[in-house]
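*Asks:*
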Amino acid sequence: MVIPTYNEAERILPTLGAMAVIVSGLGYRWELIVSDDGSKDGTADLVEGLGWKNLRVVRHANTGKGGAVQRGVLASKGQRVLFADADNSTPIEELPRLMGKLDEGYDLAVGSRVGEGASEENKSALRKLVSWGLRFVARALSGVAVRDTQCGFKLFGPRASRLFQLQKMQGFSFDLELLYLAHKFGYQVAEIPVRWFDAPGSKVNSVQDSVKFLKDIFALRQLDRQGAYQRGS
């Protein structure tokens, strides 16, 4: 499991505790990687101070969430890699449903805040409206069939984990880039409705991140036309 962090000292410990308890109870062999994106509040030191045997911290300069996830996944030794947000907004109890899809032969299973069985709690009307608009535009312009590309709860199997070697985007839009590549290479993707809670302290800026996201969709298509996404590169 990979958790990207940036100044998460106030809420990372409950998330780590929940993940360790739940995953241990499920009987999986696991490692937990906190990929710290240049935190200035002592997040990395706090996590390392726990001294857990199967917990590692990957430290790097600040590049953005996408860069943090990428470094964490590339450092992982597992055959399956989950990345999840530091606020545990999608509870780790949803993991078995994603694991089941990989057992069925899917390459990638993604949590989704839309569809029957999904729920969103504590989300403002503005963020709901912006999210709906971005989902519509992303599907129309990228060709990605997944309805919710940005939910921070995704499980990658062995083949899909290689997509991180091709990842170029370091910020908010990296999820869409990975799903675009999965579509490009014909990987099987399962979209699983999950519970999601908009935890206090979110670093998402609805307006600024939306503008950047739209720009990144066009940048993504341009990179593909220029041959940036070649398997084995």
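Take the sequence shown: its position 166, counting from 1, is numbered 344 in the numbering used here, and each next residue is one higher.
For each residue, glycine too, the CB sits at the ideal point set by N, CA and C.
Being a predicted model, the structure only gives us computed values, none of them experimental.
1) From A377 to P371, what distance separates their C-alpha atoms?
2) Can the beta-carbon of E369 be found closer than 7 Å to that of V247?
3) With R258 as the anchor, note down where its beta strand (DSSP E) starts and where it stops.
4) What three-state label does DSSP hand S290 in the structure shown?
5) Nearest CA to the CA of G349: which residue from R337, I395 and G242?
6) Restricting to Cα atoms, I'd like to know which of T221, I200, L344 and A323 is closest to Y184.
7) Since A338 contacts A323 with CB under 8 Å, what's their CB separation in whole angstroms?
8) Inspect the CB distances between the region 326 to 337 and the region 267 to 283 and report whether three or more fall short of 8 Å.
9) Grouping DSSP H, G and I as helix and E and B as strand, with all else coil, what is V235?
10) Compare the Cα-Cα distances from K390 to each of L356, Y358, A316 and G250 and report the closest residue.
11) State the Cα-Cα distance for the pair D281 and I181, rounded to the nearest angstrom.
12) Under the DSSP definition of a beta bridge, which residues are partnered with D353?
*Replies:* Reading off the structure:
1) Walking along the sequence shown from the start, residue 377 turns up at place 199. Walking along the sequence shown from the start, residue 371 turns up at place 193. Cα to Cα, the separation comes out at about 18 Å.
2) In the sequence shown, the residue the question calls residue 369 occupies position 191. In the sequence shown, the residue the question calls residue 247 occupies position 69. It is not a contact, given that the beta carbons lie outside the stated cut-off.
3) Indexing the sequence shown from 1 puts residue 258 at position 80. Note, R258: premise wrong, no beta strand (DSSP E); not H, not E.
4) Here residue 290 refers to the residue found at position 112 of the sequence shown. In this structure, S290 counts as strand in the three-state DSSP scheme.
5) What you label residue 349 is simply residue 171 of the sequence shown in a count that begins at 1. When R337, I395 and G242 are compared, the shortest CA-CA separation from G349 is found for G242.
6) Here residue 184 corresponds to residue number 6 of the sequence shown, with the count starting at 1. Nearest of T221, I200, L344 and A323 to Y184, Cα basis: T221.
7) Residue mapping note: residue 338 aligns to position 160 of the sequence shown, counting from 1. Residue mapping note: residue 323 aligns to position 145 of the sequence shown, counting from 1. Between A338 and A323, the beta carbon gap of about 15 Å keeps them out of contact (Cβ cut-off 8 Å).
8) Taking 8 Å as the limit for Cβ pairs, the verdict is that the region 267 to 283 does touch the region 326 to 337.
9) Position 57 of the sequence shown, counting from 1, holds the residue named residue 235. Strand at V235.
10) In the sequence shown, residue 390 corresponds to position 212, counting from 1. Closest option to K390, Cα to Cα, is A316.
11) Position 103 of the sequence shown, counting from 1, holds the residue named residue 281. Position 3 of the sequence shown, counting from 1, holds the residue named residue 181. Computed Cα separation, rounded: 23 Å.
12) As a working mapping, residue 353 is identified with position 175 in the sequence shown. D353 is not bridged to any residue.
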